[in-house]
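In this note's numbering, the protein residues as written are -11 to 261.
Below is one structure, written out as structure tokens, with a few remarks after it.
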């Protein structure tokens, strides 16, 4: 299904009434993304002349494991761009054997790759800080970027979509468990919770990858918001993969990035897997 949102899109300071096409067809989006090079940007992403007329932070989207930017972000990128955000993405974690599929390399190296994108985005947009929206491993990579020297000061908000903030349970069908740092008071498995960063963690009780689903959450705190999709849409059967293609989740993301200007959160059918 393709959705066109009739809102103004701003690129390079020029307003256009023609919105970018948005798809919620998960299978088609992934198939299309896997048929293109890893450098292919999803619609609305990586326009380095972008200027957000509302003065919001540029948003860097990070894909999950065994995906790439076009396959995983074909819904979120144009949705946020249509809302006037300056959106950026990349395929991180490529290996010598993975072709155009990312999220398979060393996690610390991936964090350094993303940090280099942060520098490029800040220079191009003349911004002080960025926001991250990371699906699955993408949320963990955003956390790891914040642990690099000096990087926490460059980050305003980290939004995790079914991100493994507390790793995976041994009952998960994932065999390659993400490494967890030693836990300390006030920390999650991926490092210290920085007081200057806002954290929004979105989870689904039907998550079949990050299990138990509570592992997508962080310990409560003044700068942490934990939200189950089912607390908003009680009948939702959305699964792990569907979190990146959901109108419900996208609205929650927008409200997390710009709390002063809430949008209505729709409830409807979402991809269950």
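Glycine included, every Cβ here is placed at the ideal spot set by N, Cα and C.
Given the structure is predicted, the values throughout are model-derived calculations rather than measurements.
### Task
Compute the Euclidean distance between the alpha carbons of residue 73 and residue 40, then round it to the nearest angstrom.
Translated into the one-based positions of the chain shown, residue 73 becomes position 85. Translated into the one-based positions of the chain shown, residue 40 becomes position 52. Taking the straight line from one Cα to the other gives about 6 Å.
### Query
How many angstroms separate the CA atom of residue 260 from the CA atom of residue 109?
If you number the chain shown from 1, residue 260 lands on position 272. If you number the chain shown from 1, residue 109 lands on position 121. Straight-line Cα distance between these residues: approximately 34 Å.
### Task
Check whether the Cβ atoms of residue 188 and residue 213 lie closer than 7 Å to each other.
Sequence index remark: in the chain shown, residue 188 carries index 200 (1-based). Sequence index remark: in the chain shown, residue 213 carries index 225 (1-based). Their beta carbons are under 7 Å apart, which means residue 188 touches residue 213 by this criterion.
### Query
What's the call for residue 87, buried or exposed, on a 16-neighbour Cβ count within 10 Å?
Within the chain shown, residue 87 is the residue found at index 99, counting from 1. Exposed, because fewer than 16 other Cβ atoms sit within 10 Å of the Cβ of residue 87.
### Query
How long is the line joining the alpha carbons of residue 225 and residue 235, rounded to whole angstroms?
Here residue 225 refers to the residue found at position 237 when the chain shown is read from its first residue. Here residue 235 refers to the residue found at position 247 when the chain shown is read from its first residue. Separation of residue 225 and residue 235 (C-alpha to C-alpha, rounded to the nearest whole angstrom) is 13 Å.
### Query
Which word fits residue 84, buried or exposed, when buried means at least 16 other C-beta atoms lie within 10 angstroms of its C-beta?
Your numbering for residue 84 matches position 96 in the chain shown. By the Cβ neighbour-count rule, residue 84 is exposed, with fewer than 16 other Cβ atoms within 10 Å of its own.
### Query
Which same chain residues, not among the five before or five after residue 93, have their C-beta less than 7 Å away from its C-beta?
In the chain shown, residue 93 corresponds to position 105, counting from 1. The answer, listed in chain order, is 81, 82, 83.
### Query
Looking at the unbroken alpha helix (DSSP H) that takes in residue 126, where does it start and where does it end?
For the purposes of this step, residue 126 is identified with residue 138 of the chain shown, where counting begins at 1. Here the alpha helix (DSSP H) through residue 126 covers 125 to 135.
### N-terminal and C-terminal residue of the beta strand (DSSP E) that residue 36 is part of
Within the chain shown, residue 36 is the residue found at index 48, counting from 1. Per DSSP, residue 36 belongs to no beta strand (DSSP E) and is neither H nor E.
### Message
Taking 6 Å as the limit between beta carbons, can you name the residues of its chain near residue 24, skipping five residues before and five after?
### Response
Translated into the one-based positions of the chain shown, residue 24 becomes position 36. The beta carbon of residue 24 sits closer than 6 Å to the beta carbons of 58 from its chain, once the five residues preceding and following it are set aside; these are given in chain order.
#### Entry: Cβ pair residue 125, residue 52 closer than 7 Å
Within the chain shown, residue 125 is the residue found at index 137, counting from 1. Within the chain shown, residue 52 is the residue found at index 64, counting from 1. Yes, the Cβ-Cβ distance between residue 125 and residue 52 is below 7 Å.
### Query
From which residue to which residue does the alpha helix (DSSP H) around residue 210 run?
By one-based count along the chain shown, residue 210 stands at place 222. Residue 210 -> no alpha helix (DSSP H), and no H or E assigned at all.
### Query
According to the Cβ coordinates, are residue 128 and residue 151 closer than 7 Å?
Taking the chain shown and counting its residues from 1, the one referred to as residue 128 is at position 140. Taking the chain shown and counting its residues from 1, the one referred to as residue 151 is at position 163. A contact, by the Cβ cut-off of 7 Å.
### Query
Which of the three DSSP states, helix, strand or coil, is assigned to residue 189?
Along the chain shown, read from residue 1 onward, the residue named residue 189 stands at position 201. The three-state secondary structure of residue 189, taken from DSSP, is strand.
### Cβ neighbours of residue 205 in the same chain (closer than 7 Å, five flanking residues each side left out)
Reading the chain shown from its first residue, position 217 is the one you call residue 205. Closer than 7 Å at Cβ, skipping near neighbours: 153, 189, 191, 214.
### Query
From residue 184 to residue 145, what distance separates their C-alpha atoms?
Position 196 of the chain shown, counted from the first residue, corresponds to residue 184. Position 157 of the chain shown, counted from the first residue, corresponds to residue 145. Looking at the two C-alpha atoms, the distance is approximately 9 Å.
### Query
What residue range is occupied by the uninterrupted alpha helix (DSSP H) comprising residue 20?
Within the chain shown, residue 20 is the residue found at index 32, counting from 1. Start and end: 14 to 22.
### Query
How about residue 12 and residue 238: are their beta carbons less than 7 Å apart?
Within the chain shown, the letter at position 24 stands for residue 12. Within the chain shown, the letter at position 250 stands for residue 238. It is not a contact, given that the beta carbons lie outside the stated cut-off.
### Query
Can you tell me the Cα-Cα spacing of residue 17 and residue 258, whole angstroms?
Stepping through the chain shown from its first residue, residue 17 is reached at position 29. Stepping through the chain shown from its first residue, residue 258 is reached at position 270. Cα-Cα distance, rounded: 14 Å.
### Task
Tell me whether the beta-carbon of residue 45 lies closer than 7 Å to the beta-carbon of residue 119.
Numbered from 1 along the chain shown, position 57 holds the residue referred to as residue 45. Numbered from 1 along the chain shown, position 131 holds the residue referred to as residue 119. In this structure, residue 119 lies closer than 7 Å to residue 45 by Cβ.
### Query
Is the beta carbon of residue 122 less than 7 Å from the beta carbon of residue 50?
By 1-based counting over the chain shown, the position of residue 122 is 134. By 1-based counting over the chain shown, the position of residue 50 is 62. A contact, by the Cβ cut-off of 7 Å.
### Query
Of all the alpha helix (DSSP H) runs that stay within the bounds of the stretch 38 to 84, which reach a length of 4 or more residues?
57 to 60, 64 to 70
### Query
When you compare only the Cα positions, how much space is there between residue 69 and residue 148?
For the purposes of this step, residue 69 is taken as residue 81 along the chain shown, with counting starting at 1. For the purposes of this step, residue 148 is taken as residue 160 along the chain shown, with counting starting at 1. The alpha-carbon atoms of residue 69 and residue 148 are separated by roughly 19 Å.
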